Each structure stands twice: as structure tokens, then as C-alpha cells.
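Beneath this line is the structure, given in C-alpha cells, with notes to follow.
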Amino acid sequence: MANSNFPNGFASGVTIRGIPLQQLHPGEVFWVNNSSVLAYGQDVNGSNGNDGSFRKPFSSITYALTQCKANRGDIIALGVGHNDSLAAGGAGALTFNVAGVAIVGTGVGSLKSAITSTGATDTIVVSAANISFSNISFEAGVADVAIGVDISAVDGISFDNCLFTEGAAAGTFN
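Taking this note's numbering, the leading residue of the sequence shown gets 37, the next gets one more, and so forth.
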């Protein structure tokens with residue numbers, strides 16, 4: 037009797053509820069969750085003093101990026117309900133500067149992992165190549181955001197199943 041109905045794996049990958057499952061990855065997986073919603077099996081809320089595991093996640097994407105190594109194939113997994121607020125940080129409020137990292141959100145609806153701009157000049161900067169974003173809600177918390185995401189002369193950037201939304205007031209999220 038075979039151990040699996042799929043002994044050769046899944047050539048095209050697997051997606052469940054819109055979230056791709058990572059079969060093989062050469063790098064590390066760092067969990068980030070600052071939500072008050074504790075997932076089953078989590079011991080604590082996120083803290084950058086934690087080890088970045090599922091049970092003890094970091095609290096910010098910025099800190100998780102400092103733990104990644106370029107082109108190792110690291111994954112930053114965002115917990116259900118996680119929201120990285122840019123806190124009116126201006127240009128480069130959140131900078132993705134480590135090549136070859138995948139940022140994968142979890143959750144659906146109002147609990148989908150999110151990155152929120154709180155100032156009109158908040159800019160998410162992508163300055164390293166081969167970064168992928170999956171299942172993340174990019175939200176403008178103000179009426180108008182001048183530059184929402186700035187991809188700075190790099191290749192291999194992808195957004196899969198991501199949502200870009202305006203805040204409570206109608207406006208633009210460029």
C-alpha cells in the first residue's frame with residue numbers, strides 16, 4: 037500500500053483557501069503575529085524578543101526581515117489577523133531589502149494579514165529582487181496615499197492574491 041495518492045508530489049503546487057502551501061523551501065520560516073487573535077497552538081502574542089516560530093512569533097515584518105538571509109529562500113509567514121501599521125513613517129516606512137524572500141499572509145476577510153498606511157506619505161519600498169507577496173491586504177488608513185508601494189529598479193517582484201484597498205475615506209492608494 038502506497039503512503040500517498042500523490043507519490044510524485046504536486047507539479048503545480050497546492051493552494052488551499054487561496055493560500056499556497058510551501059512544499060519545499062531551502063530557507064527558514066519566520067512567523068510574525070501582533071494580533072490579539074492567538075492561533076491554535078500559539079503560546080504568546082508576537083514579540084521581537086521571541087524566536088519567530090509559529091508558537092512564539094515576532095511582532096513585526098521589519099524585525100523578521102533582519103533575520104532573513106538574501107536568496108536563501110526564507111519565508112515570512114504572517115499570522116491570522118496580523119496588521120503591520122506603518123505609523124506615519126513616511127518614505128521607506130517599511131522596506132523589503134532582502135532578496136529572495138516570500139511574505140505569505142494567512143486568514144480571510146477581516147482577519148486577512150494586512151499592512152496599513154497611516155500617513156499620506158507612507159511608502160512601502162521594495163529594493164531587493166525576487167520578493168513575492170501572497171494573500172496580504174495592503175490598506176490605506178488615510179484618504180490619499182501618495183506612493184503606496186515603490187518597487188525600486190529590481191526584478192522578480194510578484195503579488196499573488198493581494199488586495200489593495202482605500203481607508204474609511206474615499207481616496208487613492210497609488
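Where is the CB? At the ideal position from N, CA and C, for every residue including glycine. From a predicted model like this one, the values you see are computed outputs, not experimental measurements.
Q.
Between the region 89–100 and the region 176–186, can you find at least three pairs of beta-carbon atoms closer than 8 Å?
A. no
Q. In the region 72–118, which residue ranges form an unbroken beta strand (DSSP E) of at least 3 residues, counting only runs that do not cross its ends?
A. 111–114
Q.
Taking 7 Å as the limit between beta carbons, can you name the residues of its chain near residue 117, skipping five residues before and five after?
A. 71, 73, 143, 147
Q | residue 161 versus residue 136: straight-line alpha-carbon distance, rounded | A | 15 Å
Q. So residue 68 and residue 95 are in contact, right, with Cβ under 8 Å, and what is the actual spacing, rounded?
A. 7 Å
**Q.** Which listed residue (202, 62, 85) has its alpha carbon closest to that of residue 177
**A.** 202
Q.
For residue 80 and residue 92, what's the separation of their Cα atoms in angstroms?
A. 6 Å
Q) Just the Cα atoms here: how many angstroms apart are residue 154 and residue 174? A) 11 Å
Q. Straight-line CA distance for residue 115 to residue 193?
A. 22 Å
Q) Between residue 159 and residue 89, what straight-line distance do the alpha-carbon atoms span, to the nearest angstrom? A) 28 Å
Q.
Please identify the residue among 132, 200, 83 whose C-alpha is closest to the C-alpha of residue 104.
A. 132
Q.
Check this for me: beta carbons of residue 119 and residue 150, under 8 Å apart or not?
A. yes
Q: Consult DSSP for residue 122 and reduce its assignment to one of helix, strand or coil.
A: coil
(Q) By the three-class DSSP mapping on this structure, what secondary structure does residue 173 have? (A) strand
Q: Answer yes or no: do residue 190 and residue 163 have a C-beta to C-beta separation smaller than 8 Å?
A: yes
Q | C-alpha gap between residue 170 and residue 85, whole angstroms | A | 26 Å
Q) From what residue to what residue does the beta strand (DSSP E) around residue 141 run? A) 138–141
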